[in-house]
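Take the sequence shown: its position 2, counting from 1, is numbered 1 in numbering that gives the first Met the number 0, and each next residue is one higher. Don't be surprised by glycine CBs; every beta carbon is placed ideally from N, CA and C.
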Amino acid sequence: MPSGSCSGVVISPLNKAEFKPDVVLMYVDPAQLTILSLAAAYKNGKDISCKISGRAACVYSIVPVLGDNETKIVLPCLGDRQNAHTQDYELIFSLPYHVLPDLIDGIEFLAKGVDLSRSPQE
Numbered sequence: 000m001p002s003g004s005c006s007g008v009v010i011s012p013l014n015k016a017e018f019k020p021d022v023v024l025m026y027v028d029p030a031q032l033t034i035l036s037l038a039a040a041y042k043n044g045k046d047i048s049c050k051i052s053g054r055a056a057c058v059y060s061i062v063p064v065l066g067d068n069e070t071k072i073v074l075p076c077l078g079d080r081q082n083a084h085t086q087d088y089e090l091i092f093s094l095p096y097h098v099l100p101d102l103i104d105g106i107e108f109l110a111k112g113v114d115l116s117r118s119p120q121e
């Protein structure tokens, strides 16, 4: 992302945003992450690549998504856990806003053939 291309950050729950966001972050558990990962690949067939770090989740969940225009999976950092009260089981699924309709299509497709409410162990 070129220096100076972003002047600030505005944060809001997606259903209450009065603006069109550039990036959508979802805090999810591993089962939800599996579904979202499959749904993200529904249209383009691409796996999500990850760079794992225990620091700077606010950076890694936003800047690479804007720069690469790709979905990312990020580990919450200590700041996320201490300040935002992120739970031990949560991961961050981050995607460009314009990809959201394709993700929803993928979830709807999966829901036709897979019981998304149950884990295989149940």
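Original post:
Anyone know if the C-beta pair for Cys-76 and Gly-112 falls short of 8 Å?
Top reply: no
**OP:** Please name the residue in Cys-5, Ile-34, Phe-108 and Leu-94 whose C-alpha comes closest to that of Asn-68.
**Re:** Leu-94
Original post:
What is the rounded straight-line gap between the Cα of Tyr-59 and the Cα of Tyr-26?
Top reply: 14 Å
**OP:** Out of Thr-70, Pro-29, Pro-63 and Ala-30, point me to the one whose CA is closest to Asp-46's CA.
**Re:** Thr-70
Subject >> Three-state secondary structure assigned by DSSP to Phe-108 >> reply: helix
Subject >> Backbone CA spacing between Phe-92 and Ser-11 [nearest angstrom] >> reply: 16 Å
Original post:
If we count Cβ pairs, one from each stretch, closer than 8 Å, do we get three or more for the stretch 1–16 versus the stretch 72–88?
Top reply: no
Subject >> Sequence-distant residues of the same chain with beta carbon closer than 8 Å to Ala-40, five excluded per side >> reply: Asp-46, Ile-47 and Gly-105
Original post:
What span of residues does the alpha helix (DSSP H) with Ile-47 cover, start to end?
Top reply: Here Ile-47 belongs to no alpha helix (DSSP H), and DSSP marks it neither H nor E.
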